[in-house]
Every structure is written in structure tokens, then in C-alpha cells.
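J.: Supplied in C-alpha cells, the structure appears directly below.
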Amino acid sequence: MTLANTQPQALEFECETGNYHTFCPISCVAWLYQKIEDSFFLVIGTKTCGYFLQNAMGVMIFAEPRYAMAELEEGDISAQLNDYEELKRLCLQIKRDRNPSVIVWIGTCTTEIIKMDLEGLSPRLEAEIGIPIVVARANGLDYAFTQGEDTVLAAMAHRCPDQAPVAEAEKEERGGITKLLNFGRKKEEVDAAESEYVDHAPLVLFGSVPDPVVTQITLELKKQGIKVSGWLPSKRYTELPVLGEGYYVAGINPFLSRTASTLMRRRKCKLVGAPFPIGPDGTRAWIEKICSVLEIEPQGLEEREAKIWQSLEDYLQIIRGKSVYFMGDNLLEVSLARFLTRCGMTVHEVGIPYMDKRYQAAELKLLEQTCHEMGTPTPKIVEKPDNYNQIQRIYQLEPDLVITGMAHANPLEARGINTKWSVEFTFAQIHGFSNARDILELVTRPLRRNSSLKDLGWDKLVREKAPH
Amino acid sequence: MKLAYWMYAGPAHIGTLRIASSFKNVHAIMHAPIGDDYFNVMRSMLARERDFTPVTTSVVDRNVLARGSQEKVVDNITRKDQEEHPDLIVLTPTCTSSILQEDLQNFVERAQIDAQGDVMLADVNHYRVNELQAADRTLQQIVVYYLNKAKKKGELPTDKTEKPSVNILGITTLGFHNNHDVKELRRLMADLGIEVNAVIPDGASVHELKNLPRAWFNLVPYREIGPDTAQYLQSEFDMPYVDITPMGIVETARCIRAVQKILNEQGADVSYEGFIDEQTRFASQAAWFSRSIDCQNLTGKKCVVFGDSTHAAALTKILAREMGIHVVLAGSYCKNDTEWFKQEVSEYCDEILISEDHGEIGDAIARIEPAAIFGTQMERHVGKRLDIPCGVIAAPIHVQNFPVGYRPFLGYEGANQVVDLIYNSFTLGMEDHLLEIFGGHDTKEVITKTMSADSDLSWTKDGTAELNKIPGFVRGKVKRNTEKFARDRGITAISAEVLYAAKEAVGA
Chain A
0 MTLANTQPQA LEFECETGNY HTFCPISCVA WLYQKIEDSF FLVIGTKTCG
50 YFLQNAMGVM IFAEPRYAMA ELEEGDISAQ LNDYEELKRL CLQIKRDRNP
100 SVIVWIGTCT TEIIKMDLEG LSPRLEAEIG IPIVVARANG LDYAFTQGED
150 TVLAAMAHRC PDQAPVAEAE KEERGGITKL LNFGRKKEEV DAAESEYVDH
200 APLVLFGSVP DPVVTQITLE LKKQGIKVSG WLPSKRYTEL PVLGEGYYVA
250 GINPFLSRTA STLMRRRKCK LVGAPFPIGP DGTRAWIEKI CSVLEIEPQG
300 LEEREAKIWQ SLEDYLQIIR GKSVYFMGDN LLEVSLARFL TRCGMTVHEV
350 GIPYMDKRYQ AAELKLLEQT CHEMGTPTPK IVEKPDNYNQ IQRIYQLEPD
400 LVITGMAHAN PLEARGINTK WSVEFTFAQI HGFSNARDIL ELVTRPLRRN
450 SSLKDLGWDK LVREKAPH
Chain B
0 MKLAYWMYAG PAHIGTLRIA SSFKNVHAIM HAPIGDDYFN VMRSMLARER
50 DFTPVTTSVV DRNVLARGSQ EKVVDNITRK DQEEHPDLIV LTPTCTSSIL
100 QEDLQNFVER AQIDAQGDVM LADVNHYRVN ELQAADRTLQ QIVVYYLNKA
150 KKKGELPTDK TEKPSVNILG ITTLGFHNNH DVKELRRLMA DLGIEVNAVI
200 PDGASVHELK NLPRAWFNLV PYREIGPDTA QYLQSEFDMP YVDITPMGIV
250 ETARCIRAVQ KILNEQGADV SYEGFIDEQT RFASQAAWFS RSIDCQNLTG
300 KKCVVFGDST HAAALTKILA REMGIHVVLA GSYCKNDTEW FKQEVSEYCD
350 EILISEDHGE IGDAIARIEP AAIFGTQMER HVGKRLDIPC GVIAAPIHVQ
400 NFPVGYRPFL GYEGANQVVD LIYNSFTLGM EDHLLEIFGG HDTKEVITKT
450 MSADSDLSWT KDGTAELNKI PGFVRGKVKR NTEKFARDRG ITAISAEVLY
500 AAKEAVGA
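Protein sequence lines, in the order shown, are assigned to chains A and B. Under numbering that gives the first Met the number 0, the first residue of the first sequence carries the number 0, and numbering increases by one thereafter. Under numbering that gives the first Met the number 0, the first residue of the second sequence carries the number 0, and numbering increases by one thereafter.
Structural data, given as C-alpha cells:
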């Protein structure tokens, strides 16, 4: 996986393999259960997992969520109990109480270590209880934070229908209401709607984003005459997109490398390798790349991007010439670093829990190119960083802003260092042209807040003797 | 396997980390996969901690799994020893390290060879104990370690402090209002002329632990964390302890009297009766407040209490004994403390429930329909759904349990705070009463927020008009009760008469 490093200043990569903090990948449950409305997520793990979701992620059961823990007890660990029978008991209860369209089993470190054969158990149980069971190994041994979504989507990719007619029949059976709603619509109107699109090979997008973003991105592509045939994940499990051989697929999130390779290898789809639609620059590059593989001439993208940049000017004035340091948390770091470089910031370091240079190749290239064009030094990309070492580097570099996980935010802030929680970028709507403003709203907030407090005369709130 | 939606107590390693990171200059190393160190997040985000949490994960990943951790854990211990020179490094087992069955004790011994500071393995079985039990156990383990060490070196002091003195045991980081409670206890001890010899573990140095036996007695304010240490100090050093939680006016007095007895047995000549009387009747507002006309309307109101042993038992006593409120159900999630809890609250409530299943408590609340709940965040949530107010009195902790202002639960100021909490949780006394007399003041509002389209009952014009006169915050409940009354009696149209009949019958 080599990059075409023709630029004078190439990106420097380092794998520190240090002790670092980020969220456990089971945290993906927090946004996926909301996204997939007819799902139920069963996290098969210990009290450690449960308490994490409850207290650190703050996903309490307050909203009657469709997720639960299958809490492994001593008898399960020592294999005195039969895994199949135990899981069957729990899944039957879930079926009775909630009747979801799919149960997603989230494997954890514990199920990995005790080698619980979830993939082996699920087909039998699925047949027995009559609800599809998808198995995702979102464990902390192999993955970090947002990669949990990757494991779930990769598993779901296997369940997407491969032929449209089959899917239609299924939909008719299940989605009676949709059919009723379409009933009144005349055929000509449907044709008219179709005619707004260019005739191109089917395109499916993958990555979980909030519904408003789905609409925005879909409409953005429609402007180019591109029809999005489906999203993985869809709003409902029963409406998973058709994935035929030769379909084009494009990722919307930078942490979905496993899903991408599953789509290519198992579903024989063609991956559109592009920078990610984060920031107006990334969004434009993403759409352009999709247009180019679909052989469509992009219309008005340059103007659209310029207009967005114009509208961001008030925020840009705050951050231009300032520096930012990414400790590394949610794998959105490279895309954000590229966007902020374009905004006129200097990026000191991009920490990242895991770097797939192939899936992120186009993004890395754009980062390098952006640095070159903006005349800023290229940042060092540090995979699996060591948080202790990073903090020493932060003391030395004195960046204007540190984007960090929740564990280090308050201690850094107490030492007079502006911070923003990386988690907020995970949950905010950051994709597409118009949401660039939301990214900058988040990025500038600590700077705006602290500049309104700066005349008070106390920016360090720890005693001098203990800076470390 | 257990289907779980909610946990009242966390896993064991959280307990160990709470103890380790409460001490000054003690570092914890976890042998765990990525993400299991979310304790750091809880300290930084919930407790708004300014310092970096002294907890480092020695990451277990696929490589470690394949080859064994080999030197990794040992290296991480010695590295931390050099970087930050902690007095003690506590190697913390996790659910992962337990299953891997690596010989952590061996790692500790090897690391100890190179480390300047002390290194120990927290001796907790991750699958058998919860957060609270592990914390209790780890605190005792660290105390034993340093007392044995001092004994070996001949550094163990044999004398007692000149003036009466106390060790306060079990104050920890991420404890429910612990940071405020300890301030209040220090103040109380100062008022009683008792020196505070040590507070452990919060803010204590492990080097001070050898001085623990110098105190005249130990005070264990919470039943969950501290008793193990107190019992050890009693059996090894013959130190008496007081484990009466000074929460509420009556229990605070009982605690002070127990202290008085212990001090006098050791030759002090103290009498705290005057102090107790002065505090109870004049200085503290709690006793007077519950006697005031304001609180009269709380008499006989029904409530449900649920929490850890310490807080649930104390609140039950305060409600029943000090405020005349009817505790229908008192419950605790501390299963290991069932016997004590039953014994403490049985005379103050109708029912007792010991359970870790939030559903069971929720069902009980729905059945009882109390006027107020005193419970955890979970019961607050249940209350929201049922439209019943809830005061939060116990962990699991939430960011709301770290108020910036002073909110102790213990001592005389704590008694004031608790009374405020209770009073404000009920839809208010006098206000309630006046609204009842004058028929409310928001008659133009919609009747209720609930939809009754699916109901088989209808309200007549005058029935609706009457319902409209009932103050908004109780209207929903009155409506529910009246409809239940009507349904039970086969009445299909609810008139004003039916409404009042129901009111008489069920006191709606």
C-alpha cells in the first residue's frame, strides 16, 4: 500500500503502539440502534461493557432503547452453561418483548477470548426463532471506537439482497403502507421523476449518518443527476439496499475499511475511492469522484464550494493561522485535519487509533495536496499514539486547540489549553456542503468561549508545581 | 447469561480504581483492551476532575492475545514508575485479565525488582464482586500492605494522639456527594473537639497510613466502602469504630453518642448532649422545618425509597421518623447487605425489596403510585414516565451528583439539605393546599397532556369543567384515578359528581 509520494513534503507516518484511550467499539450501539429503527442490539459481554454504555457513554435506558446486555456470568465463562440455550432464552425474551426485525449480536473482548462461536450459533437460532440475527465482533482487541460501526455494516452487507425483484416482492409483503401511499401516483409522474436522473450504473452509499444528512447528500447527488439506489444501513433492516455484482459503492465515513472490502470481495461491488464528504473541499472531491466513475460531467460544483466557503468566512477569521492537534479518537481525524488545513489552520499531529492507508488513500493524498497548496507543513500521522507522550508534545507545541477524547479534555482545559471533544464530531451532523458550518461551530466554540473569558486573568486552574 | 438493561453497581475494576485514584500519588495500571479505561472519562467528565486520572491501560490487543503479554505489563509498570514516581502502583485486574488467567502476581513481583515505588496487585475476583465490594476490599488491602510494611521496618507508632482523634474511612472519588460529606464530617469533628487523624483514601498519601493506629477510633460513614478496613483495624490494633451513618437529625445524634461512649471508655471526659440539643433544636433547621406548618401537609403522604444500603436506610428513617411521611416500600440493590438493611428499616416501612432488577422496582412504584420517590437516576426516570416526582438519593452517580455548590448528605448541614430535597420533591405542601382550596389558577389550559381517545370513557361537560379547575400538576393523576374508579364501577360518562365520588373514594 504505497502512496504516490511525488510532493516535496510527504506525509510522515508513525505507529507509536502506545497506551492510549479511546472508546470501546461497542459504543456504535449508541447511534446504530437509533439509526436502524426496527433493530435490537444485544451486547454479549460483561458488567464492564454494560457499565460503559450506561455511565461513560451515557446511553441510559431512559429512552427505552432497543439494546440490552447479555451479561456473561461465571458459569458462562467457565463453559458450564450452554451458550446456545442461554442465547436462545434471551433472544426469545427479546422477541416477545420487542419483536424487532433483526437482532444484532455484538461480540466483545470476552466472547473473543472464550471463543464463543457466535457465527456458528446464529444461523441455527435464527431459523429456530424466526428473526434474522446479524453477528458483529465489535471487540476492543481488534477495533477502536467508530470501527464498531464498520463491523456491524460489514456483517449487514452479507444480508443485503442481490437482486432487485426479490427485494421488491419482499417489500410489498412487508411494507403495505408504502404501497398504499404510492398507489395514487400516476405512472407518468414516476417516469418524470426518473427522468431527472442520468442513466448510470447503480450506486449505493455506506455509512451511518442521521436521516437529515441522508436527505441532504441524496439531494446533492441528485443535482448531478445521480440516483442513490440505497444506503447501508437503511432506516429499517427490512429495507436494506440491493447490492448486485458491479454496483458502485461509496463510503461516507473514513472508518469503514472492513465494510468496503466486504463489499468489494464478497458482493463484487466497485468501490469509489474518494476523499470523504466532510467540509466543502472534501464534499466536492467526493461528488466529483463519483461523477467521474459514473461518467457524468459535474455541474456547478466549483461555484457551490466557493459559495460555502464564502458563508464560512466569519468562522474562518477566528481560526485562520491557528494551530490544532489531534490526539486521536474517532478515526475522523484525517478528514478533519484536511478540512481545517484548508481553513487556514496548521495541524501539528494527527493521532489516530487505526490507519487504513488504502481505504483512506484519496483522503491522505488530498491532505498532502492541501498542505502543499496552503503552504503549511504536513502533519505527522501517529497511529496508536501514546497519550502520555502526546501530552508532553502538547506542552511543548502549545497548540491553539487540541481535539481529544473525553478523558483528557478537562485536565488539558485546566492547564489553559483549548480543547474540543472529538466525540462531538461523531455525533454531530458534519457531512456535506451545508454542514461544514456545524463543524466550524464546534471547532471555534472553545476559542470563542475562552476569548470571552480571557480578560479574567485566570486561564490556568491547577497549581504551578503540578503541570504533569 | 442475564438480560440486563441497567446496573446499579459497576464492575469490580471501577471499585479498585476509585480507591487507587483517590489516594495522592498512586497510579493504577489496567491490563485491559482498548476502551476499558473509561473510568478516566467518568473522572474527567462526571466529576469534572482537573488532573489527569492516574490510570493507564496496558493495552491487550490481538498481538498480546497471541503471544501472551510477556514483558508488556511489567514494562508499563516500570515505565510509569520512572515517568511519574508514584508511591504505589496498583495493578488492576479486569474481566479480560481474569479470563486470560495470566499470573499477574508474578508481573507485580518482577516489576517490583526495578520499580522505585511499591507495586501491588489488587486482589479482587472480577466475576464475584461488584464495584462497591471491590472498593471495600482494595482499601483494606492497601491499608494492610502499608501497616505490615511499617511493622516490618519498625516504624509503626505505638502511641495514641494526645487529643481524641478519628480516622474517617471510605471517602472516595466518584462517590455520591462524598466530597461534600467529608467537609461536613470534618466540621462536625471540629465542633466535637476531635482531631481528624486521617481521611482515607481521598487525598491521602500512602505514607500516612502507618499513622492510622494513632487515632482513638475509626468512623465509617458508608456501609459500602470502609467496613473491611475498620474491622481489620479493630482486630489487629484494637481500634473501636463507629459505623452509624450520621444522616438525618436522629441518626447524627446516635452517631455522636456512640463516639462519646468510645471516647469516654478511653479516658476522655466528654459530653455531647448539650451540643446535640443545641444543634437539633436551634442551629440546624431540619428539626424545626419538619415541625413547621409548612410540612404538615406532607403527613401520611406515600413514598417509595430505593438506593444503596446506606442512603436508602437513612432516608427511610428520616422520612418516617422525622417527617411523618408514609414509606410504603424501602429497597436496596446491595444484595450482600440484605440482613442489615431489613433489620434497619423494617419498623419504618410496609414492604422491603432487595433487588438488582430495575424492572421489579419500576413495577412496584407503578403499583404503589406514591406521591414521591426517593431513589437513583433510574427511579427518577421511572417517576418521569409515571408523572411522580423523584429526589435522587443514591448512586449510580450522574453528572448531577457533582453540584458546584455545597450539598452534603451527612451531618447537620446534610440534614438541612435532605429536608430540602424531600420537601421540594413533593408537589409542595402549602401551595398544594391553597390550590386545593381555591381551585387553582390555570383554568384556561388544556385538560391533560395525555390522550384519552382510546379510552372507553367519556367526560360530561360539567365533569370536564370540574377537571379543568384542578391544578395542572395533579390533574393527570386525578383524571387517571377518576377513570379507574369509573371503570371499576361500570360508569361510562364521568360527570362532576363522579369526579367527586372518586375523590372521596380514593382520595385523588
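Note that CB positions come from ideal geometry on N, CA and C, so glycine has one too. From a predicted model like this one, the values you see are computed outputs, not experimental measurements.
In chain B, which residues lie less than 8 Å from A/ILE112 when you measure between Cβ atoms?
T.: Position 113 of the first sequence, counted from the first residue, corresponds to residue 112 of chain A. Chain B residues near A/ILE112: LEU64, THR95, ILE98 and LEU99.
J.: Buried or exposed for A/GLN316, going by 16 or more other Cβ atoms inside 10 Å?
T.: Position 317 of the first sequence, counting from 1, holds the residue named residue 316 of chain A. Exposed.
J.: Compute the distance between the beta-carbons of A/PHE338 and A/ILE438, then report whether it is under 8 Å.
T.: The residue you call residue 338 of chain A lines up with position 339 of the first sequence. The residue you call residue 438 of chain A lines up with position 439 of the first sequence. Yes. Within cutoff.
J.: Near B/ASP386, what residues of its chain come up, given a Cβ to Cβ distance below 7 Å and the 5 sequence neighbours on each side ignored?
T.: By one-based count along the second sequence, residue 386 of chain B stands at place 387. Excluding positions up to five away in sequence, the list reads GLY475 and LYS476.
J.: If you draw a straight line from the alpha carbon of B/ARG486 to that of A/ASP37, how long is it in whole angstroms?
T.: Position 487 of the second sequence, counted from the first residue, corresponds to residue 486 of chain B. Position 38 of the first sequence, counted from the first residue, corresponds to residue 37 of chain A. Spanning the two alpha carbons is a distance of roughly 35 Å.
J.: Check whether the Cβ of B/GLU359 lies closer than 8 Å to any Cβ atom in chain A.
T.: The sequence position of residue 359 of chain B within the second sequence is 360, counting from 1. No, because no Cβ of chain A sits closer than 8 Å to the Cβ of B/GLU359.
J.: Please specify which runs of the alpha helix (DSSP H), each continuous and at least 4 residues long, are wholly inside the region 97-144 of chain A, giving them in chain order.
T.: Listed in chain order, they are 108-112 and 117-128.
J.: Under DSSP, the alpha helix (DSSP H) around B/THR137 begins and ends at which residues?
T.: Start at 1 with the first residue of the second sequence, and residue 137 of chain B comes out as number 138. B/THR137 -> alpha helix (DSSP H) spans 130-152.
J.: Indicate whether at least one CB of chain A lies closer than 8 Å to the CB of B/VAL59.
T.: Locating residue 59 of chain B in the second sequence gives position 60, where the first residue counts as 1. Answer yes: the Cβ-Cβ gap between B/VAL59 and chain A drops below 8 Å somewhere.
J.: So A/TYR387 contacts chain B; which residues on that side make the cut at Cβ distance below 8 Å?
T.: Position 388 of the first sequence, counting from 1, holds the residue named residue 387 of chain A. Simply THR55 and GLU82.
J.: Which residues of chain B have a Cβ atom closer than 9 Å to the Cβ of A/PHE22, listed in chain order?
T.: For the purposes of this step, residue 22 of chain A is taken as residue 23 along the first sequence, with counting starting at 1. By Cβ distance, chain B contributes ILE33, GLY34, TYR37 and VAL40.
J.: According to DSSP, what are the bridge partners of A/LYS94?
T.: Counted from its first residue, the first sequence places residue 94 of chain A at position 95. Answer by DSSP bridge pairing: none, since A/LYS94 is not bridged.
J.: Which whole runs of the alpha helix (DSSP H) in the region 33-74 of chain B are 4 residues long or more, in chain order?
T.: For the region 33-74 of chain B, whole alpha helix (DSSP H) runs of length 4 or above, ordered along the chain, are 61-66.
J.: Return the residue from the list A/THR145, A/LEU41 and A/ILE43 that minimises the CA-CA distance to A/THR258.
T.: Working through the first sequence from its first residue, we reach residue 258 of chain A at position 259. Nearest option by C-alpha distance: A/THR145.
J.: What residues in the region 174-198 of chain B bring their beta carbon closer than 7 Å to a beta carbon of chain A?
T.: The residues in question: there are none.
J.: Given that A/ASP355 touches chain B, what residues does it touch there, using C-beta distances under 9 Å?
T.: The residue given as residue 355 of chain A occupies position 356 in the first sequence. By Cβ distance, chain B contributes nothing, its closest Cβ being about 16 Å from A/ASP355, past 9 Å.
J.: Is the region 275-292 of chain B in contact with the region 414-422 of chain B, if contact means three or more CB pairs nearer than 8 Å?
T.: Yes, since at least three Cβ pairs between the region 275-292 of chain B and the region 414-422 of chain B fall closer than 8 Å, the two stretches touch.
J.: Say whether the region 380-398 of chain A touches the region 8-18 of chain A, bearing in mind that this needs 3 or more beta-carbon pairs closer than 8 Å, one atom from each stretch.
T.: Short answer: they touch.
J.: Considering only the alpha carbon of each residue, which of A/GLY278, A/ALA9, A/ASN252 and A/GLY139 lies closest to A/GLU111?
T.: On the first sequence, residue 111 of chain A is found 112 positions in, with the first residue counted as 1. Closest by alpha carbon: A/GLY139.
J.: Mind listing the chain B neighbours of A/ALA408? Cutoff is C-beta to C-beta under 8 Å, in chain order.
T.: Numbered from 1 along the first sequence, position 409 holds the residue referred to as residue 408 of chain A. Here the neighbours are SER43 and MET44.
J.: Taking C-beta pairs closer than 7 Å, name the residues in chain B that A/CYS108 reaches, listed in chain order.
T.: Taking the first sequence and counting its residues from 1, the one referred to as residue 108 of chain A is at position 109. Going along chain B in sequence order, the residues near A/CYS108 (Cβ under 7 Å) are PRO32 and THR95.
J.: Report the partner residues of B/GLU194 according to the DSSP bridge assignment.
T.: The residue given as residue 194 of chain B occupies position 195 in the second sequence. DSSP lists B/SER164 as partners of B/GLU194.
J.: So with Cβ pairs under 8 Å, would you call B/PRO10 a contact of chain A?
T.: In the second sequence, the residue the question calls residue 10 of chain B occupies position 11. It does; some Cβ of chain A falls within 8 Å.
J.: Just tell me which of A/ALA200, A/GLN395 and A/TRP420 has its CA closest to the CA of A/THR511.
T.: It is not possible to answer for residue 511 of chain A, since the shown part of chain A is limited to 0 through 467.
J.: Assign A/TRP481 to one of three DSSP states: helix, strand, or coil.
T.: Residue 481 of chain A falls outside the range modelled here, since chain A spans only 0 to 467, and no answer is possible.
J.: So for A/GLY44, helix, strand or coil by DSSP?
T.: As a first step, residue 44 of chain A is located in the first sequence; it is residue number 45 there, counting from the start. Looking at A/GLY44 - three-state DSSP - the assignment turns out to be strand.
J.: Alpha carbon to alpha carbon, how far is A/GLY129 from A/LYS267? Give it in angstroms, no decimals.
T.: On the first sequence, position 268 is the one that residue 267 of chain A refers to. On the first sequence, position 130 is the one that residue 129 of chain A refers to. A/LYS267 and A/GLY129: Cα-Cα distance of roughly 29 Å.
J.: Across the region 210-220 of chain B and the region 55-63 of chain B, are there enough close Cβ pairs to call them in contact, namely three or more that are closer than 8 Å?
T.: Touching, no, given that fewer than three Cβ pairs across the two stretches are closer than 8 Å.
J.: Measure the beta-carbon distance from B/ILE396 to B/LEU45 and round it to whole angstroms, keeping in mind my assumption that it falls under 8 Å.
T.: As a working mapping, residue 396 of chain B is identified with position 397 in the second sequence. As a working mapping, residue 45 of chain B is identified with position 46 in the second sequence. Correct: roughly 6 Å between the Cβ atoms.
J.: Along the chain, where does the alpha helix (DSSP H) that runs through B/THR228 open and close?
T.: As a working note, residue 228 of chain B is residue 229 in the second sequence. It spans 226-236 - the alpha helix (DSSP H) in which B/THR228 sits, taken as one unbroken run.
J.: Indicate the three-state DSSP secondary structure (helix, strand or coil) for B/THR447 in the structure shown.
T.: On the second sequence, position 448 is the one that residue 447 of chain B refers to. Here the model assigns B/THR447 a pLDDT of 44, short of 50, so the residue's position is not dependable, and the following value carries that caveat. Residue state, collapsed to three classes: coil.
J.: Could you check whether the Cβ of B/TYR7 sits closer than 8 Å to any Cβ belonging to chain A?
T.: As a first step, residue 7 of chain B must be located in the second sequence, where it is residue number 8. Answer no: the Cβ-Cβ gap between B/TYR7 and chain A never drops below 8 Å.
J.: Keeping to the same chain, check which residues put their C-beta closer than 6 Å to that of B/ASP242; ignore five residues upstream and five downstream.
T.: One-based indexing of the second sequence puts residue 242 of chain B at position 243. Cβ within range, chain order: VAL219.
J.: Using a Cβ cut-off of 9 Å, pull out every chain B residue sitting near A/ALA69, in sequence order please.
T.: Counting from 1 along the first sequence, the entry for residue 69 of chain A is found at position 70. Near A/ALA69 (Cβ distances below 9 Å), the residues of chain B are MET0, LYS1, LEU2 and ALA3.
J.: Under a CB-based cut-off of 8 Å, is A/ASP458 close to chain B?
T.: To locate residue 458 of chain A, count along the first sequence from 1; it is residue 459. No, its Cβ sits nowhere closer than 8 Å to a Cβ of chain B.
J.: Check each residue of the region 31-56 of chain A: if its Cβ is closer than 9 Å to any Cβ of chain B, include it; give the result in chain order.
T.: Residues LEU41, ILE43, GLY44, THR45, LYS46, THR47, CYS48, GLY49, TYR50, PHE51, GLN53, ASN54, ALA55 and MET56.
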